[in-house]
Amino acid sequence: MNINPSDLAQHGYVALDSLGHKELVPFIRTYMKKRTLFSMLYYLANVIAFGLTGYLFVQGVHSPAYDMGARFSYFSYGLAIAFALVPLHEYIHVLAYRSQGAKNTSYDANIRKFYFMALADKFVASKKEFQVVALAPFVFLSSALMVLLFLVNDHWTLTIAGVFVAHTAMCSGDFGLLSYFEFHKEKEVVTYDDVKVGVSYFFCKTK
1321 MNINPSDLAQ HGYVALDSLG HKELVPFIRT YMKKRTLFSM LYYLANVIAF
1371 GLTGYLFVQG VHSPAYDMGA RFSYFSYGLA IAFALVPLHE YIHVLAYRSQ
1421 GAKNTSYDAN IRKFYFMALA DKFVASKKEF QVVALAPFVF LSSALMVLLF
1471 LVNDHWTLTI AGVFVAHTAM CSGDFGLLSY FEFHKEKEVV TYDDVKVGVS
1521 YFFCKTK
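Residue numbering for the sequence shown follows the numbering used here, starting at 1321 and increasing by one per position.
As structure tokens, this is what we get:
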């Protein structure tokens, strides 16, 4: 949105919430427990990911060449690759922010609490703009993995499944924030980050 944070009140917006970045995890947990479209989509995506993995594990179980140990090894490769993809995941967020008009983008992380964030300092994002930003890594990487699933052979499909399972699970923060917007869908909600103070603000006005 082409609005400065200091001008939100002039456009009829009032403060709704503030989210200290160090408090991200409990905030996400709260809104993942709400029954919203995006919380349900997140859980459905996880069910699909685990279902796919289960299917690939038992595929060919009656074959003399079936090797459960080897399958677990290939699956574990996928889990490791998913963690290595975290920087790419956040970079896709940044590219999505820039596509919506953000200029001052950056990253934040807390290894102990295991969260990573792409930030757009003082960029006011509407619900639609934030949806683009939040969904971009999940849509791009999940689509790429599904294509790769049909291109690799034998046990490597379990590596792809491992990446899919872990990456989908790690998207909880994105879906939790989307769930927040959906929970307040009767309002016109916007958000912006203040990198200096480490807080994201949410403002709203009645539709």
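Idealized CB from N, CA, C, for every residue including glycine.
Segment limits, alpha helix (DSSP H) that includes residue i
{"i": "Thr1356", "result": "No alpha helix (DSSP H) contains Thr1356, which DSSP labels as neither H nor E."}
{"i": "Asp1494", "result": "1492-1503"}
Residue i to residue j span [Cα, whole Å]
{"i": "Phe1370", "j": "Leu1461", "result": "17 Å"}
{"i": "Tyr1521", "j": "Val1378", "result": "47 Å"}
{"i": "Met1360", "j": "Leu1372", "result": "18 Å"}
{"i": "Ala1404", "j": "Val1483", "result": "10 Å"}
{"i": "Tyr1500", "j": "Asp1441", "result": "20 Å"}
{"i": "Tyr1427", "j": "Tyr1386", "result": "44 Å"}
{"i": "Tyr1363", "j": "Ile1401", "result": "22 Å"}
{"i": "Gly1380", "j": "Lys1527", "result": "55 Å"}
{"i": "Gly1493", "j": "His1341", "result": "12 Å"}
{"i": "Lys1516", "j": "Leu1399", "result": "34 Å"}
{"i": "Tyr1417", "j": "Asn1473", "result": "36 Å"}
{"i": "Lys1353", "j": "Ala1489", "result": "15 Å"}
{"i": "Leu1471", "j": "Arg1432", "result": "36 Å"}
{"i": "Val1510", "j": "Phe1434", "result": "26 Å"}
{"i": "His1331", "j": "Ile1368", "result": "42 Å"}
{"i": "Leu1415", "j": "Lys1447", "result": "17 Å"}
{"i": "Met1388", "j": "Val1467", "result": "25 Å"}
{"i": "Trp1476", "j": "Ile1323", "result": "48 Å"}
{"i": "Thr1425", "j": "Cys1491", "result": "20 Å"}
Run of the beta strand (DSSP E) containing residue i, from where it starts to where it stops
{"i": "Ser1520", "result": "1519-1526"}
{"i": "Phe1436", "result": "1435-1440"}
{"i": "Val1509", "result": "1507-1514"}
Distance CB(residue i)-CB(residue j) smaller than 9 Å
{"i": "Ala1456", "j": "Met1321", "result": "no"}
{"i": "Leu1328", "j": "Val1519", "result": "no"}
{"i": "Phe1392", "j": "Ala1481", "result": "no"}
{"i": "Glu1502", "j": "Phe1358", "result": "yes"}
{"i": "Cys1524", "j": "Tyr1333", "result": "yes"}
{"i": "His1487", "j": "His1413", "result": "no"}
{"i": "Tyr1351", "j": "Leu1497", "result": "yes"}
{"i": "Val1453", "j": "Gln1420", "result": "yes"}
{"i": "Tyr1512", "j": "Pro1325", "result": "yes"}
{"i": "Phe1443", "j": "Ala1422", "result": "yes"}
{"i": "His1504", "j": "Leu1336", "result": "yes"}
{"i": "Phe1436", "j": "Val1406", "result": "yes"}
{"i": "Val1411", "j": "Ala1438", "result": "The question names Val, yet the displayed sequence has Tyr at residue 1411. Closer than 9 Å, so yes."}
Residues that DSSP places opposite residue i in a beta bridge
{"i": "Ala1335", "result": "Phe1523"}
{"i": "Glu1449", "result": "In DSSP, Glu1449 forms no bridge with anything."}
{"i": "Gly1340", "result": "Val1519"}
Ranges of the alpha helix (DSSP H) found wholly within the segment 1397-1431, counting only runs of at least 4: The qualifying runs are 1406-1419.
In chain order, which continuous runs of the alpha helix (DSSP H) of length 4 or greater are located wholly inside the segment 1465-1493? With a minimum length of 4 residues, the continuous alpha helix (DSSP H) runs that stay inside the segment 1465-1493 are 1476-1490.
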